[in-house]
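Structure record follows, encoded as structure tokens.
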Amino acid sequence: MAKNKRLLAAQAAVDSSRSYPLVDAIKLVKSISKAKFDETIEMSMNLGIDPRHADQMVRGLTSLPNGTGKTVRVAVFARGAKADEALAAGADVVGADDLAEKVQAGDLGFDRCIATPDMMGIVGRLGKVLGPRGLMPNPRLGTVTMDVKGAVTAAKAGQVEFRAEKAGIIHAGIGKVSFEEDKLLENARALADAIQRAKPTGAKGTYLQGASVSSTMGPGVRVDVSTLGAAGA
């Protein structure tokens, strides 16, 4: 009952008929977040694309200037010196065939998966397990790389992956309710800028059609897309 009352009160505070400037939307989401834990604030963006077509897929990685507030567990497929480099950089799980066996058995206690190029013969066999969870290493995303230290460090520092769903919507966390408003604002604009730069060649018409921000347990607050850029109000 208490949860229902909190949600109803939060919904009542949001004017669903309007789109808020980004800064106001973030302030509102923070003010109505009343859960007993530090909720994640997420931004959703509705894109004018059809991800079923390869030339309209939107996917990428970007580093948020103020991190995500989330502890990211990183797995690295590597051997020898590169395995040592991964461990020194803070990777949580490092291995080769042994790690592949764990993954195949369903042990997926990690949020990001990185591999050196020579490991892709092993990792490729795990596509059916890693792919549906968005964990498959990809050279275009910088997760198949010889720069293991850089990839692990970036993942730990607040790098987020974004990928358009079937309906052309992207969801990504931009921080925690406990973050200061200006830090959430910087993160939100960094994510929006990365998505704008990832506009596919096949996209026609209006690319960015809508956006909203919400906390884990709260309602969505629509954002005026014209305020997503650095010069926005």
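Quick note on numbering that gives the first Met the number 0: the sequence shown kicks off at 0 and runs consecutively. No residue lacks a Cβ here, since even glycine has one placed at the ideal position from N, Cα and C.
With DSSP as the reference, please indicate the residues paired to residue i in a beta bridge.
i, result
"L207", "L46"
"S18", "None, per the DSSP bridge assignment."
"E41", "G172 and S213"
"V93", "V75"
"V222", "Y19 and A210"
Whose CA, out of the options, lies closest to the CA of residue i?
i, options, result
"V57", "G167, S211 and V176", "G167"
"R132", "K155, E164, G157 and D91", "E164"
"E179", "K29, S214, D146 and R111", "K29"
"R188", "A171, V93 and G204", "A171"
"A8", "G108, S32 and K26", "S32"
"I113", "D97, G105 and A85", "A85"
"L107", "V128, A87, D96 and M145", "V128"
"L207", "S213, F36 and T226", "T226"
"K69", "A87, F36 and I169", "F36"
"L98", "A87, R124 and A88", "R124"
"T215", "L183, I40, D181 and V102", "I40"
With DSSP collapsed to three states, give me the class of residue i.
i, result
"R162", "strand"
"A114", "strand"
"V143", "strand"
"G231", "For G231, the predicted model reports a pLDDT of 49, less than 50, meaning its position is unreliable; a value from the coordinates is still stated below. In this structure, G231 counts as coil in the three-state DSSP scheme."
"K81", "helix"
"D54", "helix"
"N3", "helix"
At what residues does the alpha helix (DSSP H) containing residue i begin and finish?
i, result
"V147", "V147 to A156"
"R188", "E180 to R196"
"G66", "G66 -> no alpha helix (DSSP H), and no H or E assigned at all."
"V128", "G126 to L129"
"M119", "M119 to V122"
Please list, in chain order, all residues of the same chain as residue i whose beta carbon is under 7 Å from its beta carbon, the five residues on each side excluded.
i, result
"N137", "V143"
"T67", "G157, V159, G172 and G174"
"G126", "M135"
"G141", "L60 and A150"
"D54", "P199, T200 and G201"
Less than 6 Å between C-beta atoms, sequence neighbours within five positions excluded: which residues of the same chain meet that for residue i?
i, result
"A90", "V73, V75 and V151"
"K81", "T115 and V147"
"A154", "V71, V73 and R111"
"V13", "P218 and V220"
"D223", "S18 and P20"
"G228", "none"
"P64", "E185 and A189"
"S177", "D37"
"A191", "L227"
On the DSSP letters alone, give me the boundaries of the beta strand (DSSP E) that residue i sits inside.
i, result
"G59", "R58 to S62"
Leaving aside the five residues before and after residue i along the sequence, list all residues of the same chain whose C-beta is less than 8 Å from its C-beta, in chain order.
i, result
"R78", "A95, T115, D117 and M118"
"L27", "A12, V13, Y19 and V220"
"K4", "none"
Does the distance between the C-beta of residue i and the nearest non-hydrogen atom of the ligand ZN fall short of 7 Å?
i, result
"N65", "With respect to small molecules bound, the structure shown includes none, and the ligand ZN cannot be examined in it."
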